[in-house]
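*Asks:* First the structure, then my questions, so here it is.
2 protein chains.
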Amino acid sequence: MNANNGMQRHETAQVILWEANELFYSQGYEKTSMREIAERVGISKAAMYHHFENKEEILYTLCTLGGEMMDESMQGAISRNEGSGAPIREQLTDILFDYTTTYLQHNKNFNKILLHDIESLPEEKKRVIKGYEKVNVHRLQNYLKRMMERGYMRPCELTTLTFTVFASVHWLYFWYDPEGSLSLRSVVENIVDAFWNGLKPVHG
Amino acid sequence: MNANNGMQRHETAQVILWEANELFYSQGYEKTSMREIAERVGISKAAMYHHFENKEEILYTLCTLGGEMMDESMQGAISRNEGSGAPIREQLTDILFDYTTTYLQHNKNFNKILLHDIESLPEEKKRVIKGYEKVNVHRLQNYLKRMMERGYMRPCELTTLTFTVFASVHWLYFWYDPEGSLSLRSVVENIVDAFWNGLKPVHG
Numbered sequence: 016m017n018a019n020n021g022m023q024r025h026e027t028a029q030v031i032l033w034e035a036n037e038l039f040y041s042q043g044y045e046k047t048s049m050r051e052i053a054e055r056v057g058i059s060k061a062a063m064y065h066h067f068e069n070k071e072e073i074l075y076t077l078c079t080l081g082g083e084m085m086d087e088s089m090q091g092a093i094s095r096n097e098g099s100g101a102p103i104r105e106q107l108t109d110i111l112f113d114y115t116t117t118y119l120q121h122n123k124n125f126n127k128i129l130l131h132d133i134e135s136l137p138e139e140k141k142r143v144i145k146g147y148e149k150v151n152v153h154r155l156q157n158y159l160k161r162m163m164e165r166g167y168m169r170p171c172e173l174t175t176l177t178f179t180v181f182a183s184v185h186w187l188y189f190w191y192d193p194e195g196s197l198s199l200r201s202v203v204e205n206i207v208d209a210f211w212n213g214l215k216p217v218h219g
Numbered sequence: 016m017n018a019n020n021g022m023q024r025h026e027t028a029q030v031i032l033w034e035a036n037e038l039f040y041s042q043g044y045e046k047t048s049m050r051e052i053a054e055r056v057g058i059s060k061a062a063m064y065h066h067f068e069n070k071e072e073i074l075y076t077l078c079t080l081g082g083e084m085m086d087e088s089m090q091g092a093i094s095r096n097e098g099s100g101a102p103i104r105e106q107l108t109d110i111l112f113d114y115t116t117t118y119l120q121h122n123k124n125f126n127k128i129l130l131h132d133i134e135s136l137p138e139e140k141k142r143v144i145k146g147y148e149k150v151n152v153h154r155l156q157n158y159l160k161r162m163m164e165r166g167y168m169r170p171c172e173l174t175t176l177t178f179t180v181f182a183s184v185h186w187l188y189f190w191y192d193p194e195g196s197l198s199l200r201s202v203v204e205n206i207v208d209a210f211w212n213g214l215k216p217v218h219g
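Chains as they are written, first to last, in this note's numbering: chain D, 16 to 219; chain B, 16 to 219.
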């Protein structure tokens, strides 16, 4: 195999992943067959098996890529902000905006796959994928913890707070309409406003 | 058909729904067959069809029952609290605790079905089920709106706030462990504390 073949092989694998991702998203993992993916890519079913052993391997690869993408986003946004000296409210907005942009715009299928298709993976693979989520939760939790310890944030029960903040952004997948009147940026600002300033009336 | 037969027929339908619910939850809707459900109930596959036309009708019935349960919980908790004169923070805690108890304890499968299996229903049925969710969102949104209008709550962007509060309790399905160290009551109190008092440090 020469370098050119290696490149081509890599590119075909990318196209397979892309098309499988679209099919899993639109009609579900269970209902999608290797034949259908091959048809969309424009290669034979036999050629598919040069790249992926089976449908499960495609799903697993998609999940790990999605997990890595979310992890890089969270890690990058936290370290960029923590070093910036910006007010914590702005830091939180930037971190959550970065995260939601990554998963709603570049990675829209990952949430559905994570909530849904992951059940089709065997236990040990499921654990690897859920591991990405755990790492992400810990990164945010440790950031919030440092902010509380430094007195930049009111102390709250950390586990509940971390998952509640995650919930608020992951739930966007179910309700946020990019064609609607609220921009993603303003929705994230609204979320942070609710968390930051609280619901207690100012006069109360 | 006499009254006794009518009762028996009703009871068998209940058992079918119960067993189907357990199977859909544990192995997924797509993977569950009418034959499997019949076996769990202890009746013939033919007898099943006296009660439900097909698997889709079972799923749809489960979804409507789940939707009604969540709707009753939200409606009941809001009217009980709004008439109570209790402080808003306590009202919110009670409303969200009632809601989470209903769906985590009595209705644990509904969240999974709503997130996942609903995709297997045809569009018009999907709309009916999503209608329950919409009604619920509107009930909570209108409650929060009234509280803001009366000055009991700091004004926030209402759509984002409503979905964020929903997110915080629905997400419990993914992380809350009833065997863990936090009781459901204390988790709901922690959620309301974060929302009510905010993250802004008191001295800031």
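The beta carbon of each residue, even a glycine, is placed where N, CA and C say it ideally should be.
These figures come from a predicted structure and were not determined experimentally.
Classify ASN69 of chain B as buried or exposed, calling it buried when 16 or more other Cβ atoms lie within 10 Å of its own Cβ.
*Replies:* So ASN69 of chain B counts as exposed.
*Asks:* Which residues bound the alpha helix (DSSP H) around LEU111 of chain B?
*Replies:* Segment 103-116, the alpha helix (DSSP H) holding LEU111 of chain B.
*Asks:* With burial defined as no fewer than 16 other Cβ atoms inside 10 Å of the residue's Cβ, what is the status of GLN106 of chain D: buried or exposed?
*Replies:* GLN106 of chain D comes out buried.
*Asks:* Just the C-alpha distance for LEU74 of chain D and GLY43 of chain B, rounded to the nearest angstrom, thanks.
*Replies:* Those two C-alpha atoms are separated by around 17 angstroms.
*Asks:* Which first and last residues belong to the alpha helix (DSSP H) in which LYS215 of chain D is found?
*Replies:* No alpha helix (DSSP H) contains LYS215 of chain D, which DSSP labels as neither H nor E.
*Asks:* I need the boundaries of the alpha helix (DSSP H) containing TYR147 of chain D, first residue and last residue.
*Replies:* 138-164 is the extent of the alpha helix (DSSP H) around TYR147 of chain D.
*Asks:* Span of the alpha helix (DSSP H) holding GLU72 of chain D?
*Replies:* Per DSSP, GLU72 of chain D belongs to the alpha helix (DSSP H) from 70-97.
*Asks:* Starting from ILE58 of chain B, trace the alpha helix (DSSP H) both ways and give me its first and last residue.
*Replies:* No alpha helix (DSSP H) contains ILE58 of chain B, which DSSP labels as neither H nor E.
*Asks:* Give me the chain B residues within the contact set of PHE178 of chain D, using Cβ-Cβ distance strictly less than 7 angstroms, ordered along the chain.
*Replies:* Under the 7 angstroms cutoff, chain B gives TRP186, TRP190.
*Asks:* How close, in whole Å, do the beta carbons of THR116 of chain B and ALA209 of chain D come, if the pair is a contact with beta carbons under 8 angstroms?
*Replies:* At roughly 24 angstroms, the Cβ-Cβ gap does not stay under 8 angstroms, so THR116 of chain B and ALA209 of chain D are not in contact.
*Asks:* Over the uninterrupted alpha helix (DSSP H) stretch that includes THR175 of chain B, give me the two end residues.
*Replies:* Where THR175 of chain B is concerned, the enclosing alpha helix (DSSP H) stretches over 173-185.
*Asks:* Can you check whether the C-beta of MET168 of chain B is within less than 7 angstroms of a C-beta belonging to chain D?
*Replies:* It does: the Cβ of MET168 of chain B has a partner Cβ on chain D nearer than 7 angstroms.
*Asks:* Check ARG221 of chain D in the structure and name its three-state DSSP category.
*Replies:* Residue 221 of chain D lies beyond the residue range present for chain D, which begins at 16 and ends at 219; the question has no answer from this structure.
*Asks:* Chain D beta carbons: is any one of them nearer than 7 angstroms to that of THR47 of chain B?
*Replies:* So no, THR47 of chain B is outside the interface.
*Asks:* Would you grab the beta carbon distance between ASN12 of chain D and ARG169 of chain B for me? Rounded to a whole angstrom, and I think it's under 8 angstroms.
*Replies:* This structure leaves residue 12 of chain D out entirely; chain D is present only between 16 and 219.
*Asks:* Are the Cβ atoms of TYR167 of chain D and GLY82 of chain D separated by less than 7 angstroms?
*Replies:* Taking 7 angstroms as the Cβ cut-off, TYR167 of chain D and GLY82 of chain D do not qualify as a contacting pair.
*Asks:* Below 7 angstroms between beta carbons is the criterion; list the residues of the stretch 199-219 of chain B that meet it against any residue of chain D, in chain order.
*Replies:* Here the close residues are VAL202, ASN205, ILE206, ASP208, ALA209, PHE210, TRP211, ASN212, GLY213, LEU214, LYS215, PRO216, VAL217.
*Asks:* Hey, would you say THR175 of chain D sits closer than 7 angstroms to VAL202 of chain B, going by beta carbons?
*Replies:* Yes, the Cβ-Cβ distance between THR175 of chain D and VAL202 of chain B is below 7 angstroms.
*Asks:* Am I right that ARG55 of chain D and GLU34 of chain D are in contact with their C-beta atoms under 8 angstroms? What's the rounded C-beta distance?
*Replies:* About 4 angstroms; that satisfies the 8 angstroms criterion.
*Asks:* Can a CB atom of chain B be found closer than 7 angstroms to the CB of GLU172 of chain D?
*Replies:* For GLU172 of chain D, the answer is yes, since a Cβ of chain B falls inside 7 angstroms of its Cβ.
*Asks:* Should GLY219 of chain D be labelled buried (16 or more other beta-carbon atoms within 10 Å of its own) or exposed?
*Replies:* In this prediction, GLY219 of chain D has a pLDDT of 46, which is less than 50 and means its spatial position is unreliable; what the coordinates show is noted afterwards. By the neighbour-count rule (16 or more Cβ atoms within 10 Å), GLY219 of chain D is not buried but exposed.
*Asks:* With a cut-off of 8 angstroms on the beta carbons, I'd call MET89 of chain D and ARG154 of chain D a contact; round off their distance for me.
*Replies:* That belief holds up - the Cβ atoms of MET89 of chain D and ARG154 of chain D are roughly 5 angstroms apart, short of 8 angstroms.
*Asks:* Is any beta-carbon of chain B found at less than 7 angstroms from that of THR175 of chain D?
*Replies:* Cβ-Cβ to chain B under 7 angstroms: yes for THR175 of chain D.
*Asks:* Does HIS131 of chain B come within less than 7 angstroms of chain D when only Cβ atoms are used?
*Replies:* For HIS131 of chain B, the answer is yes, since a Cβ of chain D falls inside 7 angstroms of its Cβ.
*Asks:* Candidates D:TYR188, D:GLU172, D:SER196, D:VAL184: which alpha carbon is nearest LEU197 of chain B's?
*Replies:* The option with the nearest alpha carbon to LEU197 of chain B is D:GLU172.
*Asks:* Residues of chain B with CB closer than 8 angstroms to the CB of PHE181 of chain D, please, in chain order.
*Replies:* Correct list: TRP186.
*Asks:* Can you tell which of D:GLN29, D:ILE93, D:ARG104, D:GLY98 has the C-alpha that lies nearest to the C-alpha of PHE67 of chain D?
*Replies:* Nearest C-alpha to PHE67 of chain D: D:GLN29.
*Asks:* So for SER135 of chain B, helix, strand or coil by DSSP?
*Replies:* The answer is helix: DSSP assigns SER135 of chain B an H, G or I state.
*Asks:* Less than 8 angstroms between the CB atoms is what I'm expecting for LYS86 of chain D and ASN157 of chain D, so what's the real figure, rounded?
*Replies:* Reading off the sequence shown, one finds Asp at residue 86 of chain D, where the question assumed Lys. With 8 angstroms as the limit, ASP86 of chain D and ASN157 of chain D do not qualify as a contact, their Cβ atoms being about 14 angstroms apart.
*Asks:* Are any of the Cβ atoms in chain D nearer than 7 angstroms to that of ALA18 of chain B?
*Replies:* Model confidence at ALA18 of chain B stands at a pLDDT of 48, short of 50, so the residue's coordinates are unreliable; what they give is reported in the following sentence. No, ALA18 of chain B lies away from the interface with chain D (no Cβ there is under 7 angstroms from its Cβ).
*Asks:* Does SER99 of chain D come within less than 7 angstroms of chain C when only Cβ atoms are used?
*Replies:* Of the chains in the structure shown, none is chain C; the protein chains are D and B.
*Asks:* Which residues in chain D sit within 7 angstroms of GLY43 of chain B, going by Cβ to Cβ distance?
*Replies:* Within chain D, the residues near GLY43 of chain B are GLU134.
*Asks:* By the 10 Å Cβ neighbour count, where 16 or more other Cβ atoms means buried, how is VAL143 of chain B classified, buried or exposed?
*Replies:* The residue in question, VAL143 of chain B, is exposed, as its Cβ has fewer than 16 Cβ neighbours within 10 Å.
*Asks:* When burial is assigned at 16 or more other CB atoms within 10 Å of the CB, is GLU26 of chain D buried or exposed?
*Replies:* Counting Cβ neighbours within 10 Å, GLU26 of chain D comes out exposed, since fewer than 16 surround it.
*Asks:* Would you kindly work out how many angstroms separate the C-alpha atoms of ALA92 of chain B and SER94 of chain D, rounded to a whole number?
*Replies:* Distance between the alpha carbons of ALA92 of chain B and SER94 of chain D is about 43 angstroms.
*Asks:* Helix, strand or coil for SER41 of chain B, going by three-state DSSP, please let me know.
*Replies:* Three-state result, SER41 of chain B: helix.
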